[in-house]
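So the structure is just underneath, and the comments pick up after that.
4 protein chains.
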Amino acid sequence: MSLYTHLFYSSELQPLLSDEAFLSRMLRFEAALARAQAREGLIPAKSADAIAACCEAARPDLERLRQEVAPGGNAAIPLVKQLTEQVAGRDPEAAGSVHLGATSQDVVDTAMTLTIKAFREWLEPKLQQLETLLTDLTRTHRQTVMAGRTLLQQARPITFGLKTAYWLEAVRRSRQRLEESRPRVEVLQLGGAVGSGNAFLTAEVLAETAAALGLRPAAPWHSQRDRPAEWAANLGILTGSLGKIARDVSLLMQTEIGEVLEGKAAGKGGSSTMPHKRNPVHCAAILANAGRTPQLVATLLAAMPQENERSAGGWHAEWEPLTDLMQLTGGAVDRSIELLADLEVDPARMRQNLEITGGLIYAEAVSLALAPRLGKTEAHRQVEMACETAITQGKHLKAVLAELDFALPDPDALFRPENAVGRSLEIIDSLLNPPAGGSYQTESHPYSRDDEASI
Amino acid sequence: MSLYTHLFYSSELQPLLSDEAFLSRMLRFEAALARAQAREGLIPAKSADAIAACCEAARPDLERLRQEVAPGGNAAIPLVKQLTEQVAGRDPEAAGSVHLGATSQDVVDTAMTLTIKAFREWLEPKLQQLETLLTDLTRTHRQTVMAGRTLLQQARPITFGLKTAYWLEAVRRSRQRLEESRPRVEVLQLGGAVGSGNAFLTAEVLAETAAALGLRPAAPWHSQRDRPAEWAANLGILTGSLGKIARDVSLLMQTEIGEVLEGKAAGKGGSSTMPHKRNPVHCAAILANAGRTPQLVATLLAAMPQENERSAGGWHAEWEPLTDLMQLTGGAVDRSIELLADLEVDPARMRQNLEITGGLIYAEAVSLALAPRLGKTEAHRQVEMACETAITQGKHLKAVLAELDFALPDPDALFRPENAVGRSLEIIDSLLNPPAGGSYQTESHPYSRDDEASI
Amino acid sequence: MSLYTHLFYSSELQPLLSDEAFLSRMLRFEAALARAQAREGLIPAKSADAIAACCEAARPDLERLRQEVAPGGNAAIPLVKQLTEQVAGRDPEAAGSVHLGATSQDVVDTAMTLTIKAFREWLEPKLQQLETLLTDLTRTHRQTVMAGRTLLQQARPITFGLKTAYWLEAVRRSRQRLEESRPRVEVLQLGGAVGSGNAFLTAEVLAETAAALGLRPAAPWHSQRDRPAEWAANLGILTGSLGKIARDVSLLMQTEIGEVLEGKAAGKGGSSTMPHKRNPVHCAAILANAGRTPQLVATLLAAMPQENERSAGGWHAEWEPLTDLMQLTGGAVDRSIELLADLEVDPARMRQNLEITGGLIYAEAVSLALAPRLGKTEAHRQVEMACETAITQGKHLKAVLAELDFALPDPDALFRPENAVGRSLEIIDSLLNPPAGGSYQTESHPYSRDDEASI
Amino acid sequence: MSLYTHLFYSSELQPLLSDEAFLSRMLRFEAALARAQAREGLIPAKSADAIAACCEAARPDLERLRQEVAPGGNAAIPLVKQLTEQVAGRDPEAAGSVHLGATSQDVVDTAMTLTIKAFREWLEPKLQQLETLLTDLTRTHRQTVMAGRTLLQQARPITFGLKTAYWLEAVRRSRQRLEESRPRVEVLQLGGAVGSGNAFLTAEVLAETAAALGLRPAAPWHSQRDRPAEWAANLGILTGSLGKIARDVSLLMQTEIGEVLEGKAAGKGGSSTMPHKRNPVHCAAILANAGRTPQLVATLLAAMPQENERSAGGWHAEWEPLTDLMQLTGGAVDRSIELLADLEVDPARMRQNLEITGGLIYAEAVSLALAPRLGKTEAHRQVEMACETAITQGKHLKAVLAELDFALPDPDALFRPENAVGRSLEIIDSLLNPPAGGSYQTESHPYSRDDEASI
């Protein structure tokens, strides 16, 4: 367990992703295989019982295993050896039926798949929790106006709820991807030495072993590695979307912006010598993870062109990165939940920051309001000049317009952010309550128009 | 067009993935937007006609565009400017309705999505062609015995058809993934400056613009980049699976193995001064591409945590890598088709290579055949000794067994590879004709058993 | 030439990194080889003259080359063929001496190395220009106080010159790395078919060919790829350091911070409909490139374990990524020069932003000033309470302290940023004028102390 | 400690790269800092003694640390807290002098640098050991002829010593790189909260702290991350070169080639049910590591553009990947030493494999031998026909030539591999005994010529 377990990872996941858990999944595979073979009359029922009993009772000697992994090159060889010894102690005849017809990769890949399944089962309610938090934030801040920012510059107003609704949508899509990939990812590996199957690995044995483990049966995929690669990619995408949330929060937390803050848990993110600081500690962890997962996905992809019926290196390169991906994704998920659960939002500061440009953020709205009377081009020209004046003289655009005696129907309304958030509310509503057809209703405040070619 | 266009890329794709094609997709977007806005009464129908006419007629000044991309930071700004000039020339009033309410990212992302769609439409029949070629190879070589190899060592016999059936299955899964991702990937981008929409970008405008372009409408996703990341990952996975085919072929083509050969097109892969060489030129190209795509996927993933409503750098980092991914994947697909269409398979050499181990490859089968009479342990012990003798004395295992007077029921059958391919044929049949339930039939030649714990 | 040539790349580099330039470097290699072989009496001097003349005069048929690259798998085969035809036209006997004893990889790798050399020669004065710009900025803003920010939070004051001095130092180190790697990177490749050399590739021929091309001679390195990998890594590091500059500038340009601005060239980064925006266009391009180069370096590294005497795929995977790395690095360098040459710095805004925390940024300095009288612990306790009051009541810390009647010797000095920049000036001076021993002088304003354990 | 510690990592490195070792390096930093500050009169000598004593005696509560790392975001905050408590227990006054003026990143980065230093000190003799093994192999097999292979095809003969000499050269270059980078990499980090230094971090304090830790002093580099990136890249390159060795060995070990074998340690790589197998277990581990390190290097490079004076995420992303890189590189080095120390080379099989092409591998030599009599073109034409006959009729080229009554001066010499290894021996000698000028002597057996344009 690393020094950074609680920072980058999820504490809850440690038992799930431990070596011990992995070994116990390998033993579950051996037990399920023996039982299936017994049911099919390929080995005595008594042998299967002995094997299954040993698998359940087994407490593998982890240190000895570690030593023996090296010469054989994987964890299956020494584990099967230890198991066979134990079975032999209980029922000598049964020893010959341990791991019958199977190959190392069968048990290692299936145990990895069971780990993936366990992780996915952990992940699902977590993503739902994330979605609930994001839904609540979106509802609460549906109308909380703030600056929309492009290329790190204030562009036009949006509402904070629009931002969180988009965060929400990305999490939803990740959940959908994970769901869709299950039939391809959560499958049994059981093909024997060269993936050809054999008399002990009949279709029935495969089906029953898979069923006992909660997996789908499949043709062997020893050197077809698109399945783990797909899983890896989906985790990389999810962590990327969480990184996007953390990016936004860390930017909005800047001293000079201060629109949101990470919750101030005991001892978290503060500094006694710099009392004004509230460090984005969760964000830093999530962003760190989102900075590491892309390369781990690449490792899985790069390992795909594996040699013949089993690879010398490519397969081995997958093991730890797959676990690392689950560790980092799980950590990013947990940190995101903590981040969003305790997020402090400051609507007043958001509104106040909208004033920083001295009304220039509304320039185009003014131009459009004048267009009916002056013509579009002339309106644009005059407003541009007014902006220039505002910038040069450091005045608010509204004041400049007043001085210049522009006849605007309702100048105050023009400079109200609520009138400049476009279709934010509609979009939010449609994302919170996605209609069958997926379309949005129009809204039409007279000033909620803009027709720019912004970058 | 690079020096290596015909080596790493698909010639067919060059017009599809050219700058010109991209610009014409941007113009299609502008035309579709204007027409949709006219239909919704947001701009005059006459203006929409003028815009659409200009979009169709436009031949953008590419060199001027290149120059102007730099100051603005993307291709939309100068293109919209050129378009607006042209529209103004045709119908001054219409000029004010060009790109109305839209933002640069709307047009660039939508054009990229249209490129993705065009590529996917090109790809689909190509993948079907690949599947047909692989199906044919599998049928033809269903019973062609060869060595299955693990960790680059001969392990047990398989059939070549089993190998190609697994290649086939991976391509199928990639096709499935691409299909499943379409609703998330092939969507319109249309959100205005900060992704909030506006009065010119109503739900109806979105729906109609999307429909005109053959895309789905969607809420804006300016800084939610899981969509392109998913697309990138799917291409990376596909190329990885093609890399696996190329890896196998290049290994089987080795001078010392010679079981398959790349077809000898004019001037291809040969050497007048080394007449024995047949270089795996297609394989090299596919493997090169499969060595490059993983990192490009990582670039897309790493770019995901984009700032606020539009990123300063992350978005820009996606453009060329997305195109590169399509170039490299398309090239890998084309090279794979050429590779498989012309593949020369040498069943005699395959069978001959099975003899290299002097029968040791069948040692376990012998052991199992003796087990009923000697008991499993004793059978194993005696066969191990026989193998040792065979290795030491450089004799064939069958000869050693004959000398040692082992009473084997049918020794020749034991050393016949056809009897040692496990359930290869069944698996092939089930993959060629996938049954509803996805299960496989059992087969049971007396000697097609093995129960090892191989690595 | 891509749509984004002028955005992501350097215009100056296009002729240097073009296919034509690459081919002419291949021809330079052939000419130099022939001349060296003639000097060593291995071929007639007349043949060498004919070959060299053809190499100089040659205008390779690029489109035919592209077509022929595919079957042979590299650019050397068709180019040598074209060259041989031309030589045969001029002097039939000389045709037999073209490319004598050499292999395709010799000419391709050497041409790539010559490209690297040409790029490095372009890069060197550019880096010096960068260093000059950074030195000037550092001198100008040696004392320009601003907020130092950690985890995106204001932490303590620094000077802008300190920031630019660190930017400068990183560029210097990259220049040093590039210089150190030259003897390993800028070497001839010339080993013949399997890298064993042959009678036409004597040590003397290698030495003379290398000398003629301005490279070092070396033992063949056909499948030892640490040389290009090192080059790639050095470019990746340089671009990363430029990305750091762009990151800082883009953050300091934020609407809410506004301490620096990218220069406003014609049409650059502005928006007529959002007059307040000044987009970090150069920064976006640099950051995009810095987001792409790491993965390209990984591609080179991942390609290193190449098979035997020449790889089937690994070598081929290097070609375009190496060029891409030079394109992206060159672009990042040019954009950085433009960025820094036109950078607008706003010292007033920097000073003003230091006031945002209402004096809390100086809390520790206050605490230290009180310590001699109150004891360190008590001083700390009281200042902490004062800060709490300042935050709660929204007052400036200095005002709170005045109300609480703290007897501070010189309260104004305490809240002056100049007194809180630590050893910034010294460090700057030592970096601008690095002393022999590399050490720094101490400075000791009474209040320039801090003893925190900040994060 | 992972299940795969002994497979992918070096057992010797575990104590060096453990969390405990890292924490003790952090404490060494604190002790060295306090002593330096005392020597400079900045804190009482008695305080420094108390701090140093506590640092030496400290056994940090690792589990508590792990818990506390999370809220603060790094390991320094809780460790300094624990240390301060302990110092306070021993000498209350000294507690105020713990970590004086320093920031978290100072101690974490310096501890990481000390880890790098410790690793480099471990690595150096290992690389020398590798070089000795490779030198011995090269000497032993200087004249051991074997097939040189390009694109996985037999091309021309080389000697095995030439291959190992090139392996050796790559390791040497990596050692050189590591040596050259030391002045940039093994430097102190000590800059205080914002990297500006302060009154407690004078130039003298830096110089003395650095000296005490065996590091160079340097200006703070908190957000200039080229130093760790360079270190990472050098490890990636080294592992890539080791991967190249493993690639070659694993290919040469193939059942059908069998020219070298991994040593057969107890239980290593063998299979009782597949007695003919000798799995490349070490190679698989090295190749797995070489498949993972490139992406970890990319993670370090991608993290370089860090924000302002300390990053929120970028810095954090470096910690574990840097350790992983040392783990994987160390493991690759140890496995390579084991691989080479026990490598079994089979010169007879190498010679035998040269016969596989039936003499075609010597076709060009024959052509050159005939050229003086027939003219080059005619000689080439006739040999091409002879080759065609040899291939079609499955005969040895020598036999075909004899039948066709070619008058070759010494046909046997022509088909002797020793005469076809070019300048292999010279190159080997020059690499084993690099001359001052780096040039090679020529050798000139009449038949050791070839003039092809091979690919």
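Residue numbers (numbering that gives the first Met the number 0), protein chains in the order written: chain C, 0 to 454; chain G, 0 to 454; chain Y, 0 to 454; chain Z, 0 to 454.
The C-beta atom is built at its ideal place from N, Cα and C for all residues, glycine as well.
- For Trp318 of chain G, the chain Y residues whose C-beta falls within less than 7 Å of its own C-beta are Tyr3, listed in chain order.
- Residues of the same chain with a CB within less than 7 Å of the CB of Glu207 of chain Y, apart from the 5 flanking positions on each side, are Ala35 and Arg38 in chain order.
- Annotation: the continuous beta strand (DSSP E) that includes Thr149 of chain C extends over Val144 to Thr149.
- Taking 9 Å as the upper bound on Cβ-Cβ separation, chain G lies near residues Ala146, Gly147, Arg148, Thr149, Leu150, Leu151, Gln152, Ala154, Arg155 and Pro156 of the segment 125 to 156 of chain C.
- Taking C-beta atoms as the reference points, Gly191 of chain Y and Pro219 of chain Y count as a pair closer than 9 Å.
- Residues of chain Y whose Cβ lies closer than 9 Å to the Cβ of Asp404 of chain G do not exist; the shortest such Cβ separation is about 45 Å.
- For Val97 of chain G, the secondary structure class from DSSP, reduced to helix, strand or coil, is coil.
- DSSP assignment within the segment 58 to 94 of chain Y yields the following whole alpha helix (DSSP H) runs of 4 residues or more, N-terminal first: 61 to 71, 75 to 89 and 91 to 94.
- Here Ala385 of chain C carries a helix assignment [DSSP, helix/strand/coil].
- Chain Y places no beta carbon closer than 9 Å to that of Lys243 of chain G, leaving this residue out of the contacts.
- In the three-state reduction of the DSSP assignment, Gln152 of chain Z falls in the strand class.
- Nearest to Glu337 of chain Y by C-alpha distance, out of Y:Ala364, Y:Leu129, Y:Gln351 and Y:Leu167, is Y:Leu129.
- Contacts between Met252 of chain G and chain Z, judged by CB atoms closer than 7 Å, involve Leu151 in chain order.
- Arg171 of chain G and Ile244 of chain Z have their C-alpha atoms roughly 36 Å apart.
- Pairwise C-beta distances place the segment 272 to 282 of chain Y out of contact with the segment 370 to 377 of chain Y, as fewer than three of them are shorter than 8 Å.
- In this structure, DSSP gives Leu237 of chain G a helical state, which the three-state scheme calls helix.
- Selection G:Glu383, G:Leu136 and G:Asp108 evaluated against Leu187 of chain G yields G:Asp108 as nearest (Cα-Cα).
- Neighbours of Leu359 of chain Y in chain C, taken as residues at a C-beta separation under 8 Å, are given in chain order as Met273, Pro274 and His275.
- Under the Cβ distance rule, Ala228 of chain G counts among the residues neighbouring chain C, one pair being separated by less than 9 Å.
- The shortest C-alpha to C-alpha distance from Arg138 of chain G to any of G:Ala117, G:Arg155 and G:Thr163 is the one to G:Thr163.
- Of the residues Y:Leu167, Y:His379, Y:Leu22 and Y:Thr112, the one whose Cα lies closest to the Cα of Leu237 of chain Y is Y:Leu167.
- About 25 Å separates the beta carbon of Leu250 of chain Z from that of Leu295 of chain Z, a gap too long to meet the 8 Å contact definition.
- In the structure shown, Thr254 of chain Y adopts coil according to DSSP, grouped into three states.
- Between the segment 194 to 206 of chain Y and the segment 254 to 264 of chain Y there are fewer than three C-beta pairs closer than 8 Å, too few to call the two in contact.
- Contact check for Met273 of chain C against Ala362 of chain Y passes: the beta carbons are separated by less than 9 Å.
- With a beta-carbon spacing of about 33 Å, Ala287 of chain C and Gly95 of chain Z fall beyond the 8 Å limit used to define contacts.
- Residue pairing by DSSP places Leu132 of chain Y opposite no residue, since no beta bridge is assigned to it.
- Under the three-state reduction of DSSP, Glu308 of chain Z is assigned to coil, being neither helix nor strand.
- In this structure Leu260 of chain C is in contact with Glu343 of chain C, their Cβ atoms being roughly 4 Å apart against a cut-off of 8 Å.
- The Cβ-Cβ distance between Val420 of chain Z and Leu136 of chain Z does not fall below 9 Å.
- For Gly290 of chain G, at least one C-beta of chain Y is nearer than 9 Å to its own C-beta.
- For Ala93 of chain C, the closest C-alpha among the options C:Glu123, C:Pro59 and C:Leu41 is that of C:Leu41.
- Leu150 of chain G is positioned such that its CB atom lies closer than 9 Å to that of Ala283 of chain Z.
- The contact set of Phe21 of chain Y on chain G, defined by CB atoms closer than 8 Å, consists of Leu2 in chain order.
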